[in-house]
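Participant: This structure is in structure tokens; I'll ask about it shortly.
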Amino acid sequence: MTAIKTVLVAGASGYLGRYAVKEFKERGYQVRALVRDPEKIKTTGAHGEPAVYDMIDEIVIGDVTNPESIKGICKGVEIVFSALGLTAPHPKHTSDDVDYLGNKRILDQAISEKVSRFIYVSVFNQDKMPEIPSIKAHERFVADLKQSGLSWSVIRPNGYFSDMGRFFSMAQSGHIFMIGEGEKKINPIHGADLAKVCVDAIDGECREIPVGGPDIYSFRETMEMAFNACGKTPWITPLPYWLAEGGLMVTGLFNRNLADLFSFAIEALKFDHLAPAYGTRHLKDFFAGLAKKTH
């Protein structure tokens, strides 16, 4: 009988992290989850992601910006999966602190414990946005991972359904300001479908895997679909890029971290994000599910 393997899931309370916990557990792995707040994973997430508290074999309460709190995190672990990254502005920490240094602290321990595979979730189209701070941080880590001597996979999703969920929230308010004309296209992926790709990436050679979902929409079509799911008439006001970038400069004077996240959002709307299609779940159904939750 083969021994049960232990996987460390970093970023386990996030949108993708929860689906990864569920997928690893269903495939028979022992799951050790790194979370800052275990209460968070006891209930369903804002975008329908599962409550995974009861699926986890071992919870480590720690914060990657505090090295002491994650000491020994890779002991007895065969596989590390990290979907760890800053997704909202933080008063004290930057993308570099979390996306790069935080993951690096886990990688250093993974190297010393000789884990058999490290799976990291980065960004699609990174080569088109190399100066964006969050992309720089992710890619610095990818470079370190590739040089670590460990077996690795880098997953590059082009957008989560939870990202599209922000359009739904804006549509609920009755109005969306759209940067540009919204004609660029994307095929985002559901967290459960992406988690399958991530767990499949345990086997095989070291490689980067670009990932998208089954349906392609323009950003404008995505916003219109969000309005329709809310039962509201689409009201979308395009903003020229120069105006958004001017706003970004002003934001940067007051809140550097918020400006860094805005810069990614503005830059990402300038080109298509079409990645190889995986999965079976559809954005229209996801929006319908959110609408059901809010009624």
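The sequence shown runs contiguously to residue 287 in the numbering used here. Each residue gets a CB set at the ideal place from its N, CA and C atoms; glycine is no exception.
1) Spell out the partners DSSP gives Gln22 in its beta bridges.
2) Is it true that the CB of Leu78 sits closer than 9 Å to the CB of Leu26?
3) Which of the three DSSP states is assigned to Ile208 in this structure?
4) Note down the Cα distance separating Pro125 from Ser255, rounded to an integer number of angstroms.
5) To the nearest angstrom, how far is the alpha carbon of Met350 from that of Met162?
6) Between the alpha carbons of Ser104 and Asp136, how many angstroms are there, rounded?
7) What is the C-beta distance between Met121 and Glu259, in whole angstroms, given that I count them as a contact (C-beta under 8 Å)?
8) Just reading off the alpha helix (DSSP H) that Leu231 is part of, what are its end residues?
9) Indicate whether the contact test is met: 3 or more Cβ pairs, each with one atom in the region 180 to 194 and one in the region 222 to 231, closer than 8 Å.
10) At 4 residues or longer, and completely inside the region 27 to 112: list those alpha helix (DSSP H) runs for me, N to C.
11) Classify Phe263 as helix, strand or coil using the three-state DSSP reduction.
12) Just the Cα atoms here: how many angstroms apart are Gly172 and Gly239?
13) My assumption, with CB atoms under 8 Å, is that Arg273 sits in contact with Asp185. Please give the rounded CB distance.
14) Ser140: which of Phe116, Val90, Leu275, Ala102 sits nearest, CA to CA?
15) Give me the residue from Glu15, Lys84, Lys176, Ala4 with the minimum Cα distance to Asn150.
16) By the DSSP assignment, the alpha helix (DSSP H) with Met170 in it spans what residues?
17) Can you tell me which of Val107, Thr57, Leu99 puts its alpha carbon nearest to the alpha carbon of Asp89?
18) Decide yes or no for the touch test of the region 37 to 45 against the region 64 to 75: beta carbon pairs closer than 8 Å, at least 3 of them.
19) Taking the Cβ atom as the reference point for each residue, do Ile65 and Ile194 lie within a distance shorter than 9 Å?
20) According to the Cβ coordinates, are Ala267 and Ala12 closer than 9 Å?
21) In angstroms, rounded to a whole number, what distance separates the CA positions of Leu282 and Lys106?
22) Where do the ends of the beta strand (DSSP E) carrying Arg273 lie?
23) In three-state terms, what does DSSP make of Pro125?
24) Are Gly205 and Phe153 touching if we call contact CB-CB under 9 Å?
25) Count the other C-beta atoms from every protein chain shown that fall within 10 angstroms of the C-beta of Val52, then say buried if there are 16 or more, exposed otherwise.
Facilitator: This is what the structure holds:
1) As a working note, residue 22 is residue 30 in the sequence shown. Looking at the DSSP assignment, Gln22 forms a beta bridge with Thr(-2).
2) By one-based count along the sequence shown, residue 26 stands at place 34. By one-based count along the sequence shown, residue 78 stands at place 86. Going by C-beta atoms, Leu26 is not nearer than 9 Å to Leu78.
3) Along the sequence shown, read from residue 1 onward, the residue named residue 208 stands at position 216. Of the three classes helix, strand and coil, the one that applies to Ile208 here is coil, per DSSP.
4) As a working note, residue 125 is residue 133 in the sequence shown. As a working note, residue 255 is residue 263 in the sequence shown. If I take the Cα positions, the gap works out to 8 Å.
5) With the chain covering only -7 through 287, there is no way to say anything about residue 350.
6) If you number the sequence shown from 1, residue 104 lands on position 112. If you number the sequence shown from 1, residue 136 lands on position 144. Roughly 14 Å between the two C-alpha positions.
7) In the sequence shown, the residue the question calls residue 121 occupies position 129. In the sequence shown, the residue the question calls residue 259 occupies position 267. Indeed, because the Cβ distance is near 5 Å, the residues count as touching under 8 Å.
8) The residue labelled residue 231 in the question sits at position 239 within the sequence shown. Segment 228 to 231 is the beta strand (DSSP E) holding Leu231; no alpha helix (DSSP H) there.
9) no
10) Listed in chain order, the complete alpha helix (DSSP H) runs (minimum 4 residues) inside the region 27 to 112 are 95 to 104.
11) Start at 1 with the first residue of the sequence shown, and residue 263 comes out as number 271. Phe263: coil per DSSP, three-state reduction.
12) Indexing the sequence shown from 1 puts residue 172 at position 180. Indexing the sequence shown from 1 puts residue 239 at position 247. In a straight line, the C-alpha of Gly172 is about 14 Å away from that of Gly239.
13) Within the sequence shown, the letter at position 281 stands for residue 273. Within the sequence shown, the letter at position 193 stands for residue 185. About 5 Å; that satisfies the 8 Å criterion.
14) Your numbering for residue 140 matches position 148 in the sequence shown. Among Phe116, Val90, Leu275, Ala102, the Cα nearest to that of Ser140 belongs to Ala102.
15) Translated into positions along the sequence shown, residue 150 becomes position 158. Comparing Cα-Cα distances from Asn150 to each of Glu15, Lys84, Lys176, Ala4, the minimum goes to Lys176.
16) Translated into positions along the sequence shown, residue 170 becomes position 178. That residue, Met170, is in no alpha helix (DSSP H); its beta strand (DSSP E) goes 168 to 171.
17) Here residue 89 refers to the residue found at position 97 when the sequence shown is read from its first residue. Closest by alpha carbon: Thr57.
18) no
19) Taking the first residue of the sequence shown as 1, we reach residue 65 at position 73. Taking the first residue of the sequence shown as 1, we reach residue 194 at position 202. Note that the C-beta distance between Ile65 and Ile194 is not below 9 Å.
20) As a position in the sequence shown, residue 267 is number 275, starting the count at 1. As a position in the sequence shown, residue 12 is number 20, starting the count at 1. Against a cut-off of 9 Å, the Cβ pair of Ala12 and Ala267 comes out as no contact.
21) Taking the sequence shown and counting its residues from 1, one reaches residue 282 at position 290. Taking the sequence shown and counting its residues from 1, one reaches residue 106 at position 114. CA-to-CA, the gap between Leu282 and Lys106 works out to about 42 Å.
22) Taking the sequence shown and counting its residues from 1, one reaches residue 273 at position 281. Here Arg273 belongs to no beta strand (DSSP E), and DSSP marks it neither H nor E.
23) Within the sequence shown, residue 125 is the residue found at index 133, counting from 1. It is helical.
24) Against the sequence shown, residue 205 aligns to sequence position 213. Against the sequence shown, residue 153 aligns to sequence position 161. It is a contact, given that the beta carbons lie within the stated cut-off.
25) Translated into the one-based positions of the sequence shown, residue 52 becomes position 60. Label assigned to Val52: buried.
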